Amino acid sequence: MQELKIYNSLTNKKEVFTPLQEGYVGMYVCGPTVYSNVHLGNVRTFISFDLIYRYLLHLDYKVRYVRNITDAGHLTDDNSEDKISTKARLEKLEPMEIVQKYTVDFHKILQKFNLLSPSIEPTATGHILEQIETINTIMDNGLAYEINGSVYFDVLKYNEKENYGILSKRKIEDAIENTRVLDGQSDKKNPQDFSLWKKAGPEHIQRWNSPWSVGFPGWHLECTVMSTKYLGEQFDIHGGGMDLKFPHHECEIAQSQACNHIAPVNYWMHGNMLTMNGKKMSKSTGNSILPNEIFTGDNEHITKAYSASVARFFMLQAHYRSILDFSNDAILASEKGYNRLMEAIDLLPKLTISDTSTFNVKTWKQKCYDAMNDDFNSPVLISHLFEAVKIINLIKDGKESLTQTDLQEFKKVLKDFIFDVLGLEKTEVGENNSDKLSGVVEILIEMRNHARADKDWALSDKIRDELLALGIQLKDGKEGTSFTVN
Ligand code: AMP
Ligand code: ZN
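Note that my numbering numbers the sequence shown so that position 343 is 368, with each residue one more than the last.
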């Protein structure tokens, strides 16, 4: 097996990956809070871990990949309300209708981006009993206390023997500063204590019985409970976006230590953020773009539609630990690169074999593996794939040659990395052939313009209506006619 190095956020170092059990990997990734549509930033994080999952599978590890669905307990930024309950009240729906709606959307979107399904996708509401049990254990161990029906984790007491801040490298004094602002009116002993169980106010619709009150579990707790249940008290990899490092993952470590007296995770992995105009993509600030807007081109930040595969390729052209800024120019450049790669793949069956090889396939193959073994460095891998694109074109022109064995190996490695590891898909007619579709619609717009100039309203309306029936909407504006594809 190849030696794989992973950047561990706990030690801030690249480390050789040694799983707890040879040949097996347990991996937990924090899933979405299903109260709204996922934006492209969320998708980036899930694609990053899909790449990691795919590469581990490619290396023949048996991976149990657990990615949860947060369907209760995630509080709003001011800590006053549960995000799902709030949305349910606003939309006049049952909380579980909100959960169902956005879980279905999440699955649909990830499928479009060709993500593999995790092995287990547990929900917080499906594990209330286990969460109550874990709270009991932490209380028995003297590290949680109840006040007015809510249970809080005693961070200061925990920090006497353990290190609260081991992952985020924050000092507890800073945590005190930060939490004081958010939790001004709370009844807990210390402002940095976080809730394990919250008593439900009268307006809170998601609620369960517990020994302390009718209420709901804290957000951090679900990931500790579900990762322990399905992967054990200690497992290999825990992932999520960089923004979850503190407090979410810090609290997960504290809860596990308090409960099981063992560090839960050997390798903590954090994906970096997708930004737009230099700022984190985020639903709440409005600085976001939805996947469906990418597929239709219906967003002011882009000039045309892009396929899911192109958007996936765009993301993989950056290392998962680097910030990636989204812009029309950047994704347009990715589309060109993606097309070049796919055109080269189309040439593969046409390449003829020779008696001698002028290109060293073995060395090139090792470079591809070295890139991925170096903390899943997809941009470096992609640069080697482009080296292969050049070679394919040179073989086609008779300027390089490969023997039958080498050509077979070359094709296999290319396909393994492009389709299995990077998870790219060949463009399909319709959704993905956006360039050609745009070209055809532009021709029709021009014909419609002529019809309008000739006052042939019947023809002009026919073109508009028939395009609309196909889901292509024309919009007449000062600058001319534009269109969106639904
Ligand atoms: P949430 O549904 O808010 O819990 O977020 C789901 C995942 O998306 C988490 O792992 C977040 O860290 C991640 N995430 C949120 N915003 C971004 C962003 N702009 N770029 C990359 N990942 C993000
Ligand atoms: Zn989590």
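Beta carbons: idealized from backbone N, C-alpha and C, even for Gly.
Just so it is clear, the structure is predicted and the values come from calculations on it, not from any experiment.
Checklist entry - Anyone know if the C-beta pair for glycine 264 and methionine 294 falls short of 8 Å? => result yes
Next on the checklist: Within a Cβ cutoff of 7 Å, which residues of the same chain sit near proline 404, ignoring the five residues on either side of it in sequence?
Outcome noted: Gln342, Ala343 and His344
Checklist entry - Is it right to say proline 236 is buried, meaning 16 or more other beta carbons lie within 10 angstroms of its own, or is it exposed? => result exposed
Next on the checklist: Between methionine 367 and the ligand AMP, is there a pair consisting of the residue's CB and a ligand heavy atom that are separated by less than 7 Å?
Outcome noted: no
Checklist entry - Hey, how far is the Cα of leucine 570 from the Cα of phenylalanine 241? => result What the structure shows of the chain is the stretch from 26 to 511, and residue 570 is not part of that stretch, so it cannot be assessed.
Checklist entry - With distances taken from CA atoms, which of Thr58, Gly296, Thr383 and Val129 is nearest isoleucine 14? => result No statement about residue 14 is possible, as the shown extent of the chain runs from 26 to 511 and does not include it.
Checklist entry - Quick one: is the Cβ of asparagine 385 within less than 7 Å of any heavy atom of the ligand AMP? => result no
Item to check | Straight-line Cα distance separating valine 250 from glutamate 218 | outcome: According to the sequence displayed, residue 218 carries aspartate and not glutamate. Whole-angstrom Cα-Cα distance: 19 Å.
Next on the checklist: Suppose you measure from the CA of aspartate 422 to the CA of lysine 361; what does that come to, to the nearest Å?
Outcome noted: 22 Å
Checklist entry - Do tyrosine 127 and asparagine 62 have their CB atoms nearer than 8 Å? => result yes
Checklist entry - Rounded to a whole number of angstroms, what is the C-alpha to C-alpha distance between arginine 205 and histidine 286? => result Reliability fails at arginine 205, whose pLDDT of 46 lies under 50, so the model's placement of it is uncertain and the value that follows must be treated cautiously. Their backbone Cα atoms lie some 28 Å apart in a straight line.
Checklist entry - Excluding five sequence neighbours on each side, which residues of the same chain lie with their C-beta closer than 8 Å to the C-beta of lysine 87? => result Gly48, Tyr49 and Val50
Next on the checklist: Could you tell me the alpha carbon to alpha carbon distance between isoleucine 109 and tryptophan 244, rounded to whole angstroms?
Outcome noted: 12 Å
Next on the checklist: Suppose the cutoff is 6 Å on Cβ atoms and the five residues either side in sequence are ignored; what does the same chain contact list for valine 454 look like?
Outcome noted: Because the pLDDT of valine 454 is 39, which lies under 50, any placement of that residue in the model is unreliable, and the number read from its coordinates should be weighed accordingly. Counting only Cβ-Cβ distances below 6 Å, and skipping sequence neighbours, we find nothing.
Checklist entry - Going by the beta-carbon positions, is the gap between isoleucine 417 and alanine 483 smaller than 8 Å? => result no
Checklist entry - Considering only C-alpha positions, which residue in the set Ile327, Leu495, Gln429 and Val335 is nearest to proline 374? => result Gln429
Item to check | Extent of the continuous beta strand (DSSP E) run through valine 54 | outcome: 49 to 54
Checklist entry - On the premise that glycine 98 lies in contact with glutamate 247, defined as a C-beta separation below 8 Å, what is that separation, rounded to the nearest angstrom? => result 6 Å
Item to check | Contact the stretch 429 to 448 vs the stretch 469 to 487: 3+ CB pairs below 8 Å | outcome: no
Checklist entry - Under the criterion of a Cβ to heavy atom distance below 7 Å, does glycine 98 qualify as lining the ligand AMP? => result no
Next on the checklist: I need the DSSP call for glutamine 125, collapsed to helix, strand or coil.
Outcome noted: helix
Checklist entry - Would DSSP call tryptophan 233 helix, strand or coil? => result strand
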